[in-house]
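Report on one structure; see the data block that follows.
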Amino acid sequence: MARFYLIGFSVLLFFDTIAQCSFKLTAIEAQPLEMSIQWLIRVFTNPWIYISIVGYILTFFTWMTLLKKAPVGPAFAASHFEIVTVMIVSIWLFHEPITLFKLIGAILIVSGILFLALAESKLSKQNLHNHQH
188 MARFYLIGFS VLLFFDTIAQ CSFKLTAIEA QPLEMSIQWL IRVFTNPWIY ISIVGYILTF
248 FTWMTLLKKA PVGPAFAASH FEIVTVMIVS IWLFHEPITL FKLIGAILIV SGILFLALAE
308 SKLSKQNLHN HQH
């Protein structure tokens, strides 16, 4: 089961990171932002918008598959690890700086996910132990 979670959440992060970064690429290429037909044409003639839509659809189906098996609390927390993956990819792809606050935030997100996973694991072991007696 751990392998299922590891692969599933890796796929989820992959699709979600692609979707988020594709939206940013669309925004960059569709500049300047303005409420006009020309802007909408720039957005919807850009291939990145369609990559982001497909990324979100694939993210949705991966998430639904994971929720069949994974406990909701830790799964929801783990699904937000994309904040860290998008930040890492943005450093490389968009040359965005890594600041101390971003680094601290990423560490706190990862720590929170790990604590929730450990708590869920401990709770599962307790429930298994209680059912055996």
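188 is the number of the first residue of the sequence shown in my numbering; add one for each residue after it. We put the beta carbon where it would ideally sit given N, CA and C, even for glycine.
Next item on the list: Can you have a look at L260 and say buried or exposed, based on whether 16 or more other CB atoms are within 10 angstroms of its CB?
Entry: The residue labelled residue 260 in the question sits at position 73 within the sequence shown. According to the sequence shown, residue 260 is Gly rather than Leu. Taking all protein chains shown into account, G260 has fewer than 16 neighbouring C-beta atoms within 10 Å of its C-beta and is therefore exposed.
Next item on the list: With DSSP as the reference, label Q225 as helix, strand or coil.
Entry: Residue 225 sits at position 38 when you count from the first residue of the sequence shown. Assigned with DSSP and collapsed to three states, Q225 falls in helix.
Check: Thinking just about the alpha-carbon of each residue, which of S277, A262, S266 and E269 is nearest to the one in E307?
Finding: For the purposes of this step, residue 307 is taken as the residue at position 120 of the sequence shown. Measuring from the Cα of E307, the nearest candidate turns out to be A262.
Check: Which residues in the same chain as A206 place their Cβ atom closer than 7 Å to its Cβ, once the five residues preceding and following it in sequence are excluded?
Finding: Taking the first residue of the sequence shown as position 1, residue 206 is located at position 19. In the same chain as A206, and ignoring 5 residues on each side of it, the C-beta atoms closer than 7 Å to its own belong to S239, G242, Y243 and T246, in chain order.
Note to self: Check whether the region 286-303 and the region 218-226 are in contact - that is, three or more C-beta pairs closer than 8 Å.
What the structure shows: Short answer: they don't touch.
Check: V297 and V271: beta carbons closer than 8 Å?
Finding: For the purposes of this step, residue 297 is taken as the residue at position 110 of the sequence shown. For the purposes of this step, residue 271 is taken as the residue at position 84 of the sequence shown. V297 is a Cβ neighbour of V271, given a cutoff of 8 Å.
Notebook entry, point to check: Can you tell me the Cα-Cα spacing of T213 and H282, whole angstroms?
Noted result: Counting from 1 along the sequence shown, the entry for residue 213 is found at position 26. Counting from 1 along the sequence shown, the entry for residue 282 is found at position 95. Approximately 16 Å between the Cα atoms of the pair.
Check: DSSP three-state call for E283: helix, strand or coil?
Finding: In the sequence shown, counting from the first residue as 1, residue 283 sits at position 96. Coil, per DSSP.
Notebook entry, point to check: If we call anything under 8 Å between Cβ atoms a contact, is T249 one with G195?
Noted result: Working through the sequence shown from its first residue, we reach residue 249 at position 62. Working through the sequence shown from its first residue, we reach residue 195 at position 8. In contact: T249 and G195 (Cβ atoms closer than 8 Å).
Item checked: Range of the contiguous alpha helix (DSSP H) that encloses F248 -> Counted from its first residue, the sequence shown places residue 248 at position 61. From DSSP, the alpha helix (DSSP H) with F248 extends over P234 to L254.
Note to self: Are the CB atoms of F268 and L200 within a distance shorter than 8 Å?
What the structure shows: Mapped onto the sequence shown, residue 200 falls at position 13. Mapped onto the sequence shown, residue 268 falls at position 81. For L200 and F268, yes; Cβs fall inside 8 Å.
Item checked: Contacts around L303, its chain only, beta-carbon distance under 7 Å, and the 5 residues preceding and following it disregarded -> Along the sequence shown, one-based indexing puts residue 303 at 116. Within the same chain, L303 has close Cβ partners G260, P261 and A264.
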